[in-house]
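Take a look at the structure set out below.
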Amino acid sequence: MKSRKFPCSSKIELDIFIFPTITVRTVLDSNQGKGRETARIAGGRLLHLPPPIQSAARTRRMRLLRLRLRLPLPALLPSPNPTTKSFFSLSSCWPGVTRTSPTSHHEQMSTTSSSAAAVAEGSAARRFWIAASSREAAFATYTPFLLSLAAGSLRLDSFRHYLAQDAHFLHAFARAYEMAEECADDEDDKATITALRKAIVRELNLHSSVLQEWGVDPTKEIPPSPATTKYTDFLLATAAGKIDGGKGSDKMATPFEKTKIAAYTVGAMTPCMRLYAYLGKELGVFLKQDENHPYKKWIDTYAATDFESNALQIEELLDKLSVSLTGEELEIIGKLYQQAMRLEVEFFSAQLLEEPVVAPLSRYRDPKDKLVIFSDFDLTCTVVDSSAILAEIAILSHQKASQSGSDNVLDRTKSADLRNSWNMLSNQYMEEHEQCIQKLLPPEEAKSVDYDQLYKGLEVLSEFERQANSRVIDSGVLRGMNLDDIRKAGERLILQDGCRNFFKKIGETREKVNLDIHILSYCWCAELIRSAFSSVGCLDGVNIHSNEFTFEGSVSTGHINRKIESPLDKVEKFKIIKSDLDSITSSLSVYIGDSVGDLLCLLEADVGIVVGSSTTLQRVGKQFGVSFVPLLPGLVEKQRRLWKQEASIFKARSGVLHTVSSWSEVQAFILGNDSS
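Take the sequence shown: its letter number 481 is residue 481 in full-length UniProt numbering, and every next letter is one higher.
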């Protein structure tokens, strides 16, 4: 069981998407004066607008009208996190500790930075950045080049090569601005593009002066790399209108067509500006730790308010140029934006690097050593907790059997009574879990990690979890589920953003990088986990260690084959797996979790990674002397230690756990980006 607090409700329906927000866009044809109305719903589904909205839209006679409609959620359903989506609208979950759903650190940055204040809600530029920031921005930040630069350990030869590549890129960037200026039909837009182009020229001159001080002519001595050429070719092709077989800006017949090309070009250029402004702020933190940082001037350039202003300026220009575009044309810009972000990641990944690096971890560790990854499942990998899903399937199974009149095999308990029993169990768990947490906390905060005392404290929680499971089994709530229904529920489970990509890449590279992956879970039914991973093509090579339902035929008996149901069970299984591997070969272990139940495993691993922001986990951990450090600054510090040739960069029971806000950070650290 995994602790989680949710409001209880009295009804659930499977196979329901919940969309809290609908964006209505009305585009009026300037020639015919007639409107095309569609309702865009998060996730891409389209609904027809009701007649009153159609009428109001036509009355406004605007070229583009954006409305924000708040859809009222059923009062009995928990409000979903707008950054996540689920096939399930849960009635009652196994409640307990309140946990914040993981929101990307980079998304938080984008919504709290000055750009979020300046760019109006609903702007195209902001939407594109949010879509890209949780993934590509993380991949860029965790590249070996930028980690070494942030740590100050990057060798000058590597930085010189980077500046030369960037100079090649900036020449093309400035040319793309010129081409966009030629296509723009508004004088204010032309003036904005001119100002942005001049800023790039100043940046290019700065690069050239630094290189000339080193006696290097970048255009002659250091040719563009394949990654640089790929990026510049993309930019110039876009600026020339060669998009999806387009005919080129020189053959465009109308000013509107040329303006569209200007919008496409700006859409392809904006990611570079926003990403560098973001990186400047992220890396600027490390200047405070080292007043003599060797790359202070470079970091200061992109952390400066002037560069942020330029990034805002091009975002505002993108929004202005996007106003007259159709939905299909906006989708093209979105694709160009994403492509540019991927090319940025490839650009940073391609930079020459001679020194050893701490990331990706698969490159850092000795290739002969086994890389062993352990992960929790509920709320670490998933958006919702499996215990509530399984209980709901059982309740609906009783209801379905009762309605069909064929419940001779099932207990004849009415579904309403069964639901009441589950709600009572949930409420009891929630109340007693908090009491248990309070009981295990020491009176004073430890100054350093006290693993033995923590272990003893979690013995209390382990006994509580076992008793809670026994109450559920005795209640008969879990009796009567069909195995096919469980598998279908697993197929519909939504994994956290980035989790699917991480496990898919694990499957693709597992043998090449000498890697094992294990899931350690309290989940009552391992078949649910298998179905969840299988449905997204991630099951290959994943070792699942969890509990199992017992079945008569294909129907659950209500009993559980109890294998892992407490923090102590988890850590003992972790130790057995690790010991068996170490008897064969040396290994480096990573554990990924989100709750107090994962705390012992997180500390036993060489690297412990906490997904999300469980306040209870941090409260318990800190009281026993555990430190929680965001992954990026933690890796930068380890990179400095590696540069100084210190031993034991990653060490079990160090008392330090690293926090992340997305699985993209986990992938960037362990495996590298998709092009790695």
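Note that the Cβ used here is the ideal one computed from N, Cα and C, for glycine as well.
With 16 or more other Cβ atoms from the protein chains shown falling within 10 Å of its own Cβ, Pro271 counts as buried. Across the structure, Ser662 and Thr254 are spaced so that their CA atoms are roughly 45 Å apart. Within the same chain, Cβ atoms closer than 8 Å to the Cβ of His161 are found at Ile222, Gln351 and Leu352, the five residues on either side in sequence being excluded. Following the DSSP letters along the chain, one finds Tyr591 inside the beta strand (DSSP E) bounded by residues Ser587 to Gly593. DSSP, read as helix, strand or coil, puts Phe624 in coil.
Between the alpha carbons of Asp516 and Arg175 lies a distance of about 48 Å. Taking a contact as a CB-CB distance under 8 Å, the pair Val372 and Lys578 counts as one, their CB atoms being some 7 Å apart.
For Val460, the secondary structure class from DSSP, reduced to helix, strand or coil, is helix.
Here Asp417 is not near Ser521, since their CB atoms are 8 Å or more apart. Inter-residue distance for Gln467 and Ala388 is about 17 Å (C-alpha atoms, whole angstroms). Look at Thr557 here: in three-state DSSP terms it is strand.
Here the stretch 604 to 613 lies against the stretch 580 to 590, with 3 or more beta-carbon pairs under 8 Å apart. The stretch 201 to 217 and the stretch 154 to 172 touch, with three or more beta-carbon pairs separated by less than 8 Å.
Annotation for Glu445: no beta strand (DSSP E) segment contains it, and DSSP assigns it neither H nor E.
Secondary structure in the stretch 337 to 384: the alpha helix (DSSP H) runs of 4 residues or longer, each lying completely within the stretch, are 361 to 364 in chain order. Taking each of Ile193, Glu308, Thr380 and Ile437 in turn and checking the Cα distance to Leu317, the smallest one comes out for Ile193. Within the same chain, Gln165 and Ala350 come within 7 Å of Ser225 by CB-CB distance, once the 5 residues on both sides are set aside.
For Leu495, the beta-bridge partners assigned by DSSP are Thr382. Secondary structure remark: continuous alpha helix (DSSP H) runs of at least 4 residues inside the stretch 605 to 657, in chain order: 615 to 623 and 631 to 643.
Straight through space, the alpha carbons of Gly280 and Tyr295 are spaced by roughly 12 Å. Within the same chain, Ile519, Ala526, Ile529 and Arg530 come within 7 Å of Ile544 by CB-CB distance, once the 5 residues on both sides are set aside. Nearest to Val636 by C-alpha distance, out of Pro360, Tyr337, Arg135 and Lys190, is Pro360.
Under the 8 Å Cβ criterion, the stretch 442 to 461 counts as touching the stretch 612 to 629, having at least three qualifying pairs.
Contact between Val449 and Arg653 holds: their C-beta atoms lie close to 7 Å from each other, under 8 Å.
Your pair Glu355 and Trp129 does not check out as a contact, with CB atoms roughly 32 Å apart and the cut at 8 Å.
Burial is judged here by how many other beta carbons sit within 10 angstroms of a residue's own beta carbon; Ile576 has fewer than 16 and is exposed. Two segments are said to touch when three or more pairs of C-beta atoms, one from each, lie closer than 8 Å; by this definition the stretch 468 to 479 touches the stretch 551 to 559. The bridge partners DSSP lists for Thr659 are Val610 and Pro630. Under DSSP, Arg479 takes part in a beta bridge, and its partners are Thr557. About 4 Å separates the CB atoms of Tyr231 and Leu343; that is less than 8 Å, so the two are in contact. Beyond the five residues adjoining it in sequence on each side, Gln639 comes within less than 7 Å, by CB distance, of Leu147, Ser148, Ala151, Ser153, Val357 and Val358 in the same chain, given in chain order. For Ile332, the number of other beta carbons within 10 angstroms of its own is at least 16, and it is reported as buried. Ranked by Cα distance from Val626, the options Arg126, Ser664 and Leu441 are led by Leu441.
Less than 8 Å separates the beta-carbon of Ser664 from that of Gly498. When DSSP reads this structure, Leu515 sits in a beta bridge with Leu371.
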